[in-house]
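Heads up, the sequence shown stops at 283 in the numbering used here, and the numbers go up one at a time, no gaps.
Yeah, the Cβ is synthetic: ideal placement off N, Cα and C, and Gly gets one too.
Everything on this sheet refers to the single structure shown next.
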Amino acid sequence: MRIFDPHIHMTSRTTDDYEAMHAAGVRAVVEPAFWLGQPRTSPNSFVDYFDSLLGWEPFRAAQYGIAHHCALALNPKEANDPRCTPVLDLLPRYLLKDRVVAVGEIGYDSMTPAEDHALEHQLQLAADHGLPALVHTPHRDKLAGLRRTLDVVRASALPVERVLLDHLNETTVEEARDSGAWLGFSVYPDTKMDEERMVAVLKKFGPEKVLVNSAADWGRSDPLKTRKVADALLDAGFDEDDVDLVLWRNPVAFYGLSGRLDLDVTATDATHEGNSILRGGE
2 MRIFDPHIHM TSRTTDDYEA MHAAGVRAVV EPAFWLGQPR TSPNSFVDYF DSLLGWEPFR
62 AAQYGIAHHC ALALNPKEAN DPRCTPVLDL LPRYLLKDRV VAVGEIGYDS MTPAEDHALE
122 HQLQLAADHG LPALVHTPHR DKLAGLRRTL DVVRASALPV ERVLLDHLNE TTVEEARDSG
182 AWLGFSVYPD TKMDEERMVA VLKKFGPEKV LVNSAADWGR SDPLKTRKVA DALLDAGFDE
242 DDVDLVLWRN PVAFYGLSGR LDLDVTATDA THEGNSILRG GE
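Listed below in structure tokens is the structure:
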């Protein structure tokens, strides 16, 4: 079984997670830019963070046979912080990088005017750079948030068919599907979706343009949720082709819209800027 986790925050995870993910069948990931859990105080924090997503994390992932790409953006939560918004002016030079396969996460957290501006601006950046967009739909008031998101997308220069609407659930999936966008579901302990609900959604709506992710981060999360969904689908009577479509071919097709997706894991140097990731060994 081959698995592509299209939304996972590996900078928050350990090398043990990479090892376990590879053993479970994960061969590719996309890591969207998100917030740290505490406020950033300067755009320079984003510079270092973006550089790590383009250098250190691909190096770490390759040690475990996993192809790592990223999506870069000013995330919705920090779009409300004026200390962070100058990042919008820094993004164009990063969106030219080879391993950047989307603009993201963008979208809404609290649905503020500042978030409106950041979303509109970054959808334009995606259009300007020929990239698709990974859009975070809000965790609160989800249906209203989806509708507001779609209004902004439809008014933008980026076709809705180049947008992945993430963090969907049963209340938003039908309108999201009818929009023509790609459909993202985060499977996460206690919150968001779980394996059984994901199976039910796929039984009702089918696997076309559906992507399933773990959204694993520094909170209580599970980087093996993609494999657990795959197993649940097989147990529920889906065939291996359906599972491969949802867990591999759909994310490949969406991020392939960037023209930059490279799933070959090449050998890396022994170190990345002098760090081998080893501790206490040769």
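When secondary structure is reduced to three states using DSSP, D195 falls in the coil class, being assigned neither helix nor strand. Here the alpha carbon of H118 sits roughly 13 Å from the alpha carbon of S111.
Under the three-pair Cβ rule at 8 Å, the stretch 89-106 counts as touching the stretch 124-132.
In the structure shown, the three-state DSSP call for P33 is strand. Look at D265 here: in three-state DSSP terms it is coil, with no helix or strand label. Under the DSSP assignment, S187 falls in the beta strand (DSSP E) whose first and last residues are W183 to S187.
Residue E121 holds the alpha-carbon nearest to the alpha-carbon of A156 among E121, D242, D236 and E116. In the displayed model, L166 falls within a strand according to three-state DSSP. Judged by beta-carbon spacing, T227 lies within the 8 Å limit of D6, meaning their Cβ atoms are closer than that value.
When beta bridges are read from the DSSP output, G108 appears opposite H137. CA-CA distance, P87 to D240, rounds to 48 Å. For F239, no alpha helix (DSSP H) encloses it, and the DSSP letter there is neither H nor E. Nearest in C-alpha terms to T173, of all of E162, A63, D152 and G146, is G146. The alpha-carbon of V211 is positioned some 15 Å away from that of V31. The C-alpha of H8 is placed about 15 Å away from the C-alpha of G220.
Excluding its 5 nearest sequence neighbours in each direction, E176 has C-beta neighbours in its own chain below 8 Å: L144, L147, R148 and L151, listed in chain order. Residue burial annotation: T138 is buried, with at least 16 other C-beta atoms found within 10 angstroms of its C-beta.
In chain order, T138, A177, L184, G185 and F186 place their CB closer than 7 Å to the CB of L169, counting only its own chain and leaving out the 5 sequence neighbours on each side. Between V153 and A134, the C-beta gap is not smaller than 8 Å, which leaves the two residues out of contact. Under a 10 Å Cβ-count criterion, G108 is classified as buried, with 16 or more other Cβ atoms of the shown protein chains found around its own Cβ. For the set G207, L55, R14 and G56, the Cα lying nearest the Cα of L37 is the one of R14. The residue among S180, D179, D142 and H130 with its C-alpha nearest the C-alpha of A158 is H130. Taking one beta carbon from each stretch, the stretch 50-62 and the stretch 75-82 have fewer than 3 pairs nearer than 8 Å; the two do not touch. A distance below 6 Å between beta-carbons, with the five flanking residues on each side excluded, links K229 to the following residues of its chain, in chain order: E196. V101 and A34 have their C-alpha atoms some 11 Å from each other.
Between I4 and L248, the C-beta gap is smaller than 8 Å, which places the two residues in contact. Per DSSP, the unbroken beta strand (DSSP E) holding H70 starts and ends at A68 to L73. Secondary structure note for D117: its alpha helix (DSSP H) is the uninterrupted segment P114 to H130.
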